[in-house]
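For the sequence shown, full-length UniProt numbering assigns the number 1 to the initial residue and increments by one for each residue that follows. Idealized CB from N, CA, C, for every residue including glycine. Below: the structure, in structure tokens.
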Amino acid sequence: MVAPAPIPVAQSVARSSPQALITPVINRIINRIYVGNLSPNVTEAEIRLLFSKFGFIKELSMTRDPNLNTHKGWCFVEFDAPEAAAAAIRGTNGVELGDRPLKSNHTHGFSDDIWHHFQAKLPNRLYMASVHPLVTEEEMRELFEGMGKLTQFSICPDLTTFRHKGYGFAEYETKEDALKAIKYLDGLMIGGERLLVTPTLVGGPFPEGMAALSRFPRPRGGVPPLPSGGRPVIPKIDIEDPSPVLVLKNMVTADQVDEYLQEDVEEECRRHGNVKQVVVHVNPELKQRGGESDVRVFVEFELVEERQSCERVMNGRFFSGNQVTAGEYSLKKFESKRYDE
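See below:
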């Protein structure tokens, strides 16, 4: 029996611009990441299990030391989509695996200039990863439809298990609805899994979803059993008005917090409006989520427009050698001191 052809579930060279010359080297650079600071006891299977939630792994290469009969403390993970690579970096950098925090990043040769080889990214299209294995494509579609009108939606199917692979795409009618989905769904906890929702990085054909499985016969030996545990409950999303609260991530680490930090932040942010209060929140568990340090700084402005003005200036800015991520934070969560959500 001839094995079925793979379902086109992700972006590769086919998503490139016809005018651009996309070499295998360029394609590999955007899809491949470096993972360092690995504990000697961490196995390839453990790494594959952790990183596969962000996208399909084409190759995992781990160099071993023949004298010590162990790996050298680092590996490379290559995905089949640049969004998966970016999501993996964000979701694993700083996360502990086998008693050490991982160091995940792009490989040498990567730069933002590389994107000019590809079609412009689609502002209405999003990539999702770390979808709970027991949540269906239809349930996820309903969740995303709560943010606005969808034009396309798919979660990538797995021919081996006849279930989804834990990642997919959503495309909205408007850019505003796509931004709303990122705001409310990125980081949402579903059955113990933290959903990742990000903009796509390059354009191209929209991948097929679970309906594509109807064209293929089920494996002769049956499909693997479902993961243990009950079906997760999809949280109800409380859509709020725009918030005057700004959250600053990666500004400092816990050991950099001093008595002047709050005053320095307030002085800087007052250039954009009336600051009601500044809160410095330290929680070591924040690092386990990946993509941020163990400190969040919250700034409550008088007006939403003031927060927006400050956000535009602070996002991506460097502070004490750290690149800051600035964004809107729920006023309800801030007022109830729910600083970790």
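The beta carbon of Asp-113 is closer than 7 Å to none in its chain, skipping five residues each way along the sequence. Counting only unbroken stretches of 4 or more residues, the alpha helix (DSSP H) elements lying wholly within the segment 66 to 98 are 82 to 92, in sequence order. Ranked by Cα distance from Leu-213, the first of Leu-159, Tyr-260, Ser-61 is Leu-159. The closest CA to that of Glu-78, considering only Phe-144, Trp-115, Val-25, is found on Val-25. Unbroken beta strand (DSSP E) runs of no fewer than 3 residues, entirely contained in the UniProt domain "RRM" (124 to 202), are found at 125 to 129, 150 to 157, 164 to 172, 196 to 199, following chain order. Ranked by Cα distance from Met-128, the options Glu-208, Arg-163, Ile-57, Ile-182 are led by Ile-182. Distance from the CA atom of Pro-199 to the CA atom of Val-295, rounded to whole angstroms, is 25 Å. Cβ-Cβ distances below 7 Å link Ile-237 to Gly-146, Tyr-184 in the same chain, with the five nearest sequence neighbours on each side left out; the list follows chain order. Just so you know, the alpha carbons of Asp-258 and Leu-246 end up roughly 20 Å apart.
Taking Pro-244 as reference, the option from Phe-153, Gln-277, Gly-73 with the minimal CA-CA separation is Gln-277. Counting along the chain, Glu-292 sits inside no beta strand (DSSP E), nor does DSSP assign it H or E at all. Its chain contains Leu-195, Pro-235 as the residues whose beta carbon lies nearer than 8 Å to that of Met-189, once the 5 sequence neighbours on both sides are disregarded; these appear in chain order. Taking C-beta separations shorter than 8 Å and ignoring five residues to either side along the sequence, the partners of Glu-176 in its chain run Gly-148, following chain order. If you check the CB distance, Ser-130 and Gly-168 do not come in under 8 Å. Between Lys-332 and Glu-341, the beta carbon gap of about 10 Å keeps them out of contact (Cβ cut-off 8 Å).
Secondary-structure assignment with DSSP links Thr-325 through a beta bridge to Lys-249. Nearest in C-alpha terms to Ser-61, of all of Ala-84, Arg-163, Phe-76, Gly-192, is Phe-76. The continuous stretches of alpha helix (DSSP H) do not include Gln-277, which lies in the beta strand (DSSP E) extending over residues 275 to 282. Sixteen is the threshold: when 16 or more other Cβ atoms of the shown chains lie within 10 Å of the Cβ of Lys-287, as they do, the residue is buried. The residue among Arg-100, Met-140, Arg-28, Ala-178 with its C-alpha nearest the C-alpha of Asp-80 is Arg-28.
Our two residues, Thr-63 and Lys-180, have alpha carbons roughly 42 Å apart in a direct line.
The three-state reading of DSSP puts Leu-102 in coil, since its state is none of H, G, I, E or B. A direct Cα-Cα distance of roughly 22 Å separates Leu-122 from Glu-137. Contact between Ser-309 and His-272 holds: their C-beta atoms lie close to 4 Å from each other, under 8 Å. In this chain, the beta strand (DSSP E) harbouring Ile-33 covers 32 to 36.
Contact check for His-106 and Ile-89: beta-carbon distance about 7 Å, within the 8 Å limit, so the pair qualifies.
If you look at Leu-60, you'll find it in the beta strand (DSSP E) that goes 57 to 61.
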